[in-house]
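Working notes for the structure below.
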Amino acid sequence: MAEHQNCEKANRIKELIRTIPDYPCKGIMFRDVSTLLASAEGLQLVADLFYEKYKDAQIQKIVGIEARGFVLGALLAYKLNIGFVMVRKAGKLPVGNGVEVIQESYEMEYRDKTTIEMHKDALVKDEKVLIIDDLLATGGTAAACAALVERLGAVVVECAFIVELPDLHGRQKLKYPMHTLVAFEGD
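Per our numbering, the sequence shown starts with residue 3, numbered consecutively.
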């Protein structure tokens, strides 16, 4: 019964995600979760499914990847009553007066190399972390985020995404357990 309900919820999530052909370049089917998050029903489905998955997971912090990971991460952190940490594009986090960041560079799917960063004091040694973002494509961003988490001595318990694009093999790039709500295969 519960499995059937989750299948129905996953199908509804897929229905609420807009597909934009040939964006950001020809041949790409862009999965736009903004329509899902703009829907009260969609936002509640996502929040509830992630909460049910992680409510007993003993996670101590949520790490959200800019920008949609901020929405998902903050929402889930609130529901779990734990802290939230932002991972941002280079140059976006405030620094100075003893506040420092660590950085990690990686290759993007459609663009050149990019860099993300996290405050050095955002996590502590052995802290259990869930990394969350909207979409797993090639896995480069999530792998770079996990590298930042581990450099601070924290432990990546799992990575969570609304959407996985299995044909891009991002799962193989990540050495952590992973949870996705839906997958778009072959198109």
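Note that the Cβ used here is the ideal one computed from N, Cα and C, for glycine as well.
- When LYS16, ALA59 and MET31 are compared, the shortest CA-CA separation from GLU43 is found for LYS16.
- Within the same chain, ILE84, GLY85, GLU129, LYS130 and VAL131 come within 8 Å of GLN62 by CB-CB distance, once the 5 residues on both sides are set aside.
- A direct Cα-to-Cα measurement between GLN105 and THR117 gives close to 7 Å.
- Looking only at LEU39, LYS175 and LYS122, the smallest Cα-Cα distance to GLY75 is reached by LEU39.
- Boundaries of the alpha helix (DSSP H) around GLY142: 142–153.
- In the same chain as ILE134, and ignoring 5 residues on each side of it, the C-beta atoms closer than 8 Å to its own belong to PHE52, ILE64, VAL65, GLY66, ILE67, GLY71, LEU74, GLY75, LEU78, CYS161, ALA162 and PHE163, in chain order.
- Excluding its 5 nearest sequence neighbours in each direction, GLU102 has C-beta neighbours in its own chain below 6 Å: LYS122, listed in chain order.
- In this structure, LYS127 is the residue among LYS127, ASP169 and GLU166 with its C-alpha nearest to the C-alpha of LEU150.
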